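Novice:
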């Protein structure tokens, strides 16, 4: 017969291994996995914004992802169409390869080959990143962002831009390049 000591040693080792194994399983169970992906995905999105039953803005995108924070991401591009007060005539379009709506700032960010077209004035803006503040009815870039504005008579370049949402009035913060200045007909 084996001494008591030789029988207790393997039993103690087995109990210690089981205790350690149980602790590791409990620790693994306690770790929380936080999901940071989208809560909702919608394909072929069409969002309409109106005022007094008149269409003001139309947003279309192939894919919209909604997150827990309320932010919306348009990872496959976004197209925003601005309408005149009558709700029928298109005044301006804005498109980009990527878009995001930041709910806490109430701000849209459009990135990647951003193009803004003012249909009426035939003006076209090209840049890589643009912000659209729906509340203030403004579009703008960061001060160091390159911009290019083409009109029927000239091409303007520079960095930084602020404009109203229909892009009928704009200001390039730091213009660069060659500009044509019309001579004053009153002065000889």
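Residue numbers (our numbering): 3 to 190.
C-beta atoms are modelled at their ideal positions from N, C-alpha and C, and glycine is treated no differently.
For clarity, every value in this text was computed on a predicted model and none was experimentally measured.
1. Look at the alpha carbon of residue 46 and the alpha carbon of residue 154, and state the distance between them as a whole number of angstroms.
2. For my contact list, residue 60 and residue 83 are in at a C-beta cut-off of 8 Å; report their separation, rounded to the angstrom.
3. Taking residue 124 as part of the beta strand (DSSP E), name the residues at either end of that continuous run.
4. Nearest by alpha-carbon distance to residue 105: which of 128, 70, 132 is it?
5. Do residue 159 and residue 177 come within 9 Å of each other at the CB atom, strictly closer than that value?
6. Does residue 1 come out as helix, strand or coil in the three-state DSSP assignment?
7. Rounded to the nearest angstrom, what separates residue 109 and residue 175 at their Cα positions?
8. Could you name the residues that DSSP lists as bridge partners for residue 160?
9. Under the rule that 16 or more other beta-carbon atoms within 10 Å means buried, what is residue 56, buried or exposed?
10. Buried or exposed: which applies to residue 129, given that a residue is buried once 16 or more other Cβ atoms fall within 10 Å of its Cβ?
11. CB residue 151 to CB residue 161, shorter than 9 Å?
12. Can you give the Cα-Cα distance for residue 96 and residue 32, rounded to whole angstroms?
13. Within the continuous beta strand (DSSP E) that includes residue 53, where are the two ends?
Specialist: In terms of the structure at hand:
1. Within the chain shown, numbered from 1, the residue matching residue 46 stands at position 44. Within the chain shown, numbered from 1, the residue matching residue 154 stands at position 152. One C-alpha to the other measures close to 34 Å.
2. On the chain shown, residue 60 is found 58 positions in, with the first residue counted as 1. On the chain shown, residue 83 is found 81 positions in, with the first residue counted as 1. Contact flag correct, Cβ pair sits at about 4 Å.
3. The residue you call residue 124 lines up with position 122 of the chain shown. First-last for residue 124: undefined, no H or E at that position.
4. Reading the chain shown from its first residue, position 103 is the one you call residue 105. Residue 70 is the option with its Cα nearest to residue 105.
5. For the purposes of this step, residue 177 is taken as residue 175 along the chain shown, with counting starting at 1. For the purposes of this step, residue 159 is taken as residue 157 along the chain shown, with counting starting at 1. Cβ atoms of residue 177 and residue 159: closer than 9 Å.
6. Past the boundaries of the shown model lies residue 1; the chain is included only from 3 to 190, so the question cannot be answered.
7. Here residue 109 refers to the residue found at position 107 when the chain shown is read from its first residue. Here residue 175 refers to the residue found at position 173 when the chain shown is read from its first residue. Each residue's alpha carbon lies about 21 Å from the other.
8. Looking up residue 160 in the chain shown gives position 158. Note: residue 160 sits in a beta bridge opposite 149, 177.
9. Numbered from 1 along the chain shown, position 54 holds the residue referred to as residue 56. So residue 56 counts as exposed.
10. For the purposes of this step, residue 129 is taken as the residue at position 127 of the chain shown. Its Cβ being crowded by 16 or more others within 10 Å, residue 129 is buried.
11. Along the chain shown, read from residue 1 onward, the residue named residue 151 stands at position 149. Along the chain shown, read from residue 1 onward, the residue named residue 161 stands at position 159. Their beta carbons are not under 9 Å apart, which means residue 151 does not touch residue 161 by this criterion.
12. Numbered from its first residue, the chain shown carries residue 96 at position 94. Numbered from its first residue, the chain shown carries residue 32 at position 30. Going by the C-alpha atoms only, they are around 47 Å apart.
13. If you number the chain shown from 1, residue 53 lands on position 51. Its beta strand (DSSP E) spans residues 42–53.
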